[in-house]
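Final position of the sequence shown in this note's numbering is 1410; the numbers increase by one with none missing. Quick reminder that beta carbons are idealized off the backbone N, C-alpha and C, glycines included.
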Amino acid sequence: MADHYDDYSREELIRELRQRDRRPHFGLVWERKEIEHEKAVNEDFVALDFDADLSCGAVPYRNLIIEGDNFDAVRYLRMTHAGQVKCIYIDPPYNTGNRDFIYNDRFIDKEDAYRHSKWLEFMYRRLELAKELLAEDGVIFVSIGEDEVFHLALLMDHTFGEENRIGTLIWKTRHSADSRNLTGVSIDHEYVLCFGTKLKGVPIDENKFSNPDNDSRGPWRSADMTGLATKEQRPNLHYELLNPNNNIIYPCPNKGWRYEPKTMQRLIEEKRVIWPSIRSGRPRLKKFLGELSTNRKGFSTLLDVALTSEGTKELGELGLGDRFYFPKPTGLIQQLIEQNTNAGDLVLDFFAGSGTTAHAVMKLNQKDGGQRRFILVSSTEATTDAPDKNLCRDVCAERVRRVMQGYTNKKGEAVAGLGGDFAYLRAHRLPAETLFSQIQHQQIWTALQLIHNSTLSTFDDNVLIQSVTIENGAMLYVLKLNETTLAEVIKIIEEQGSTVVYSWQPALLHQYIEDERASFQPIPQALINRFGAGSKP
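Okay, structure coming up:
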């Protein structure tokens, strides 16, 4: 049977072969050219609209909840928070084919020939942006199921670098087996892929150390001394061991000893070997607490911390159980966040769902007295069948609000709030050709604050100069230049010293103010330049 290559000219065939030679020969390849362009991918500028009624707590706001498409929101955050996020946790659609993944306003089912390619394109766009948000020592955790775990691992190798793969964590999701699977296998786990620098590990349990013999070196625990090599592999580790106190000879383990004879003799002389009373016993080593090089051990890849049912129960206790199904439990997310964040770090979740990540951040802060901040991004998930649905407003933000302010549980008991605040914002696209005429002062002021500060204050309609104190000085946004505002800018520079001034007329301001302590930036061009050209091709 002839194929389309029969009609190619020699030059066309050479060009096709050269294109093939440039393609990756190993790794992940998906049909990017064959699938339809994702409608969410655009190069419009993105602004955030502040909603005071849906925000929680007092200004300045330390935390953000953003309603909108996460592609837009993460592009915006690239402008304001590049390189600042210590921990990203996301729980994207698992692409099971059971109406859990929407691409271009349509659910993708199992019969879609490009099902995996569409999902990979969707994830690739967002992970490329997420990479730019991570701090140098940042870590990203991604929850995923069986359908896409192997594709996602290759995609994350490609995006973040195989050398930055920390590990694949396995989370036990339930105790009872499921007999409904046609393969006869009960899938009782999910995966969490982890990329970045390193995790903290977990504290060593000092309760496992004791000092029953009053050793002057302090508390100790017994440790195994058997090796891992056969006699053929490491003959020097295979020998009998003599107890000098009673001349009992202990046979060599099948895998030998961990230490060669010279090292073992030193351990015996230092009285670090624990001798069994009978020949069939196995000598062990004293490990002293005070001699450990670190007080932490490795973080297990097996996560047996909280079940899916616990996440459902938590949301039900908040009175929101009928609004969202199968939320992740806070115990799982809290354990992950704890692995690489400290007191003032920033945590991002741009598939926020029911808001579990914010809940976990607040619980962790309560546990260790930290001041971690969070940014959540959630869409409305409105459809033609449910046009008024708003997951971000009615579930995500509402859950966080109840946890902060307190609530009444299903038993009618009052549960105290954990405190805190968040600004509720909506992502809004502004086409480049109309940006100068469409962008609002409040949108500009929101962006400038998030670029220069870690908190957000409201826009004051009654003044022509918005100002905020930043590190080593002040930042101003001059809405309109006149004699009064000019005098006020000069006064602020005198009082604050180093000052960044944003204005629609920066050149004119600079003519009147020749002060090395002040820098003048054009609006909206400064934001456009920082925002960049949008997504990568």
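Return yes when the Cβ of Q1315 is within less than 7 Å of the Cβ of L1303, no when it is not. Contact annotation: L1303 and Q1315 have beta-carbon atoms that are not nearer than 7 Å.
How many Å lie between V1075 and N1282 at the Cα? Each residue's CA atom was taken as its position, placing V1075 and N1282 some 33 Å apart.
Figure out for me which residue from L1329, A1360, I1017 and T1256 has the closest Cα to the Cα of D964. The shortest C-alpha separation from D964 is found at I1017.
Going along the chain, which residues of its own chain have a beta-carbon closer than 8 Å to the beta-carbon of F1172, five neighbours each way excluded? Result list for F1172: L1072, K1073, G1074, V1075 and Q1212, in chain order.
Got a sec? Which residues, its chain only, sit under 8 Å from L1006 by beta carbon, not counting five neighbours each side? V947, L950, R951, H954, A955, G956, Q957, V958, I961 and L1221, listed in sequence order.
Assigned secondary structure, H1048 (DSSP; H/G/I helix, E/B strand, else coil): If DSSP states are grouped into helix, strand and coil, H1048 belongs with coil.
Separation of T969 from M1235, as counted between CA atoms: C-alpha separation (whole angstroms): 31 Å.
Ends of the beta strand (DSSP E) at A1257? Just to set this straight, residue 1257 is Thr in the shown sequence, not Ala. First-last for T1257: undefined, no H or E at that position.
Which stretch, first to last residue, makes up the alpha helix (DSSP H) that contains Q1278? It spans A1270 to Q1278 - the alpha helix (DSSP H) in which Q1278 sits, taken as one unbroken run.
Can you say whether P1139 is buried or exposed, counting buried as having 16 or more other CB atoms within 10 angstroms of its CB? Sequence check: residue 1139 is Arg here, not Pro. With fewer than 16 other beta carbons inside 10 angstroms of its own, R1139 counts as exposed.
Determine, for V1065, whether the minimum Cβ-Cβ distance to residues of chain C falls below 7 Å. Protein chain content of the structure displayed is limited to a single chain, and chain C is not contained in it.
Would you say the region 877-897 touches the region 1275-1291, given that touching needs at least three Cβ pairs under 8 Å? Verdict: no, contact absent.
Would you kindly work out how many angstroms separate the C-alpha atoms of F974 and P966, rounded to a whole number? If I take the Cα positions, the gap works out to 5 Å.
Does the beta-carbon distance from I1077 to K1170 come in below 7 Å? Yes, these two residues count as a Cβ contact at 7 Å.
Straight-line gap, G1184 to R1152 (C-alpha atoms, nearest Å): Taking the straight line from one Cα to the other gives about 52 Å.
In the DSSP assignment, what residue or residues form a beta bridge with A1391? A1391 is bridged to T1372.
Using DSSP with H/G/I as helix, E/B as strand and the rest coil, what is R979? R979 carries a strand assignment under DSSP once its states are collapsed to helix, strand and coil.
Report the rounded CA-to-CA distance for L1028 versus M996, giving the unit in angstroms. In this structure, the straight-line span from the alpha carbon of L1028 to that of M996 is close to 9 Å.
Output the boundary residues of the alpha helix (DSSP H) element that contains M1235. According to the DSSP assignment, M1235 belongs to the alpha helix (DSSP H) that extends over T1229 to D1241.
Over the uninterrupted alpha helix (DSSP H) stretch that includes A1399, give me the two end residues. First-last of the alpha helix (DSSP H) with A1399: Q1398 to F1404.
Tell me which residues share the same chain as S1095 and place their Cβ nearer than 8 Å to its Cβ, disregarding the 5 neighbours each side in the sequence. Take S1095, set aside five residues on each side of it, and the residues of its chain with a beta-carbon closer than 8 Å to its own are I1147, R1157, L1158, K1159 and K1160, in chain order.
Just to confirm my understanding: we take D922, look at its own chain, exclude 5 residues before and 5 after, and list those with CB closer than 6 Å. What are they? Once the five neighbours on either side are set aside, the close Cβ partners of D922 are R1299 and H1301.
Assigned exposure category for I1122 - 16 Cβ within 10 Å defines buried: Taking all protein chains shown into account, I1122 has fewer than 16 neighbouring C-beta atoms within 10 Å of its C-beta and is therefore exposed.
Start and end of the alpha helix (DSSP H) containing A1008? Counting along the chain, A1008 falls outside any alpha helix (DSSP H), though it belongs to the beta strand (DSSP E) covering L1007 to I1017.
By a C-beta neighbour count over all protein chains shown, 10 Å radius and 16 as the cutoff for buried, is N1402 buried or exposed? Around the C-beta of N1402, fewer than 16 other C-beta atoms lie within 10 Å, and the residue is accordingly described as exposed.
With distances taken Cα to Cα, identify the nearest neighbour of N1118 among E1142, P1124 and A1380. Selection E1142, P1124 and A1380 evaluated against N1118 yields E1142 as nearest (Cα-Cα).
Just the C-alpha distance for S1392 and D917, rounded to the nearest angstrom, thanks. Their Cα atoms are separated by approximately 28 Å.
Look up H1062 in the DSSP assignment and give the residues it is bridged to. DSSP lists K1045 as the bridge partner or partners of H1062.
Reducing DSSP to helix, strand and coil, say where M1098 ends up. Note: M1098 maps to coil in three-state DSSP.
Residues near A1289 by beta carbon distance below 8 Å, same chain, minus five either side: These residues qualify, in order along the chain: G1279.
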